[in-house]
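Enquirer: Before I ask anything, here is the structure I am working with.
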Amino acid sequence: MPVLSESNVQTYLDRFAKVAPDAKPLWGKFTGAQMLGHVNSTLLYTLGETPLLAFRGNFKTQYIYAPLLLNGIAKFPKNVPLPRSKKQPPPKFPEGDFETLKATIQRLFAEVKAGEFSPPHHPYFGNIGPTRWLKFHAAHFDHHLRQFGQ
Numbered sequence: 003m004p005v006l007s008e009s010n011v012q013t014y015l016d017r018f019a020k021v022a023p024d025a026k027p028l029w030g031k032f033t034g035a036q037m038l039g040h041v042n043s044t045l046l047y048t049l050g051e052t053p054l055l056a057f058r059g060n061f062k063t064q065y066i067y068a069p070l071l072l073n074g075i076a077k078f079p080k081n082v083p084l085p086r087s088k089k090q091p092p093p094k095f096p097e098g099d100f101e102t103l104k105a106t107i108q109r110l111f112a113e114v115k116a117g118e119f120s121p122p123h124h125p126y127f128g129n130i131g132p133t134r135w136l137k138f139h140a141a142h143f144d145h146h147l148r149q150f151g152q
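This is how it looks when you write it as structure tokens:
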């Protein structure tokens with residue numbers, strides 16, 4: 003699995019730019035705008051700008067699923083539930099837009115370049131560190147772009 007980097011991010015941005023706000027997914031329930039908001043919210047989480055999510059992982063998610071997904075051996079499956087407490091309703095993400103997503107990605111790379119990117123734990127995979135978070139973002143981007151035929 004590629005690591006999200008300044009050398010490959012434009013490829014992802016070109017694909018995101020093709021997703022219309024009212025686009026219908028090939029699977030799942032997001033509109034294009036909701037998907038952009040979800041992806042942006044995930045980036046904001048890794049930048050420490052949203053509340054810390056409880057760790058809900060286990061041996062299987064940390065030591066089987068994470069290596070399979072983050073090393074590109076498997077792709078994210080369709081319709082994976084979002085991390086949340088069983089007592090909580092599904093999270094509602096604000097609708098997003100391409101320019102906001104692009105700006106958040108630029109902020110991410112500014113932190114990476116400055117050596118200040120210190121992401122929190124992943125809610126299922128645990129403490130995966132900066133490089134594996136960048137692998138996660140590449141896989142997560144690809145998953146949702148495929149969801150919209152990109």
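Residue 101 in the working numbering is what sits at position 99 of the sequence shown, and the numbering runs on without skipping anything. C-beta atoms are modelled at their ideal positions from N, C-alpha and C, and glycine is treated no differently.
1. Closest to residue 151 by CA distance: which of 26, 5, 15, 13 is it?
2. Which residues does DSSP list as the beta-bridge partners of residue 124?
3. Would DSSP call residue 42 helix, strand or coil?
4. Tell me the DSSP secondary structure of residue 34 in three-state form.
5. Which of the three DSSP states is assigned to residue 144 in this structure?
6. Give the C-beta separation of residue 59 and residue 122 to the nearest angstrom, bearing in mind that I take them to be a contact with Cβ-Cβ under 8 Å.
7. Using the three-state DSSP reduction, which class does residue 111 fall into: helix, strand or coil?
8. Would DSSP call residue 149 helix, strand or coil?
9. Does DSSP put residue 61 in a helix, in a strand, or in coil?
10. For residue 105, tell me which candidate among 12, 4, 117 has the shortest Cα-Cα distance.
11. Using the rule of at least 16 other Cβ atoms within 10 Å of the residue's Cβ for burial, across every protein chain shown, is residue 159 buried or exposed?
12. One question on the structure: do residue 71 and residue 141 come within less than 8 Å of each other, judged by their Cβ atoms?
Expert: Quick answer:
1. Reading the sequence shown from its first residue, position 149 is the one you call residue 151. For residue 151, the nearest C-alpha among the options comes from 26.
2. Your numbering for residue 124 matches position 122 in the sequence shown. Residue 124 is bridged by DSSP to 128.
3. Reading the sequence shown from its first residue, position 40 is the one you call residue 42. Three-state result, residue 42: helix.
4. The residue given as residue 34 occupies position 32 in the sequence shown. DSSP places residue 34 in helix when its eight states are reduced to three.
5. If you number the sequence shown from 1, residue 144 lands on position 142. DSSP places residue 144 in helix when its eight states are reduced to three.
6. As a first step, residue 59 must be located in the sequence shown, where it is residue number 57. As a first step, residue 122 must be located in the sequence shown, where it is residue number 120. The Cβ separation is near 13 Å, so there is no contact.
7. Position 109 of the sequence shown, counting from 1, holds the residue named residue 111. For residue 111, the secondary structure class from DSSP, reduced to helix, strand or coil, is helix.
8. Residue mapping note: residue 149 aligns to position 147 of the sequence shown, counting from 1. Looking at residue 149 - three-state DSSP - the assignment turns out to be helix.
9. Looking up residue 61 in the sequence shown gives position 59. In this structure, residue 61 counts as helix in the three-state DSSP scheme.
10. On the sequence shown, residue 105 is found 103 positions in, with the first residue counted as 1. Per the C-alpha coordinates, the member of 12, 4, 117 positioned closest to residue 105 is 12.
11. Outside the displayed span of the chain (3 to 152) sits residue 159, for which this structure offers no information.
12. Here residue 71 refers to the residue found at position 69 of the sequence shown. Here residue 141 refers to the residue found at position 139 of the sequence shown. In contact: residue 71 and residue 141 (Cβ atoms closer than 8 Å).
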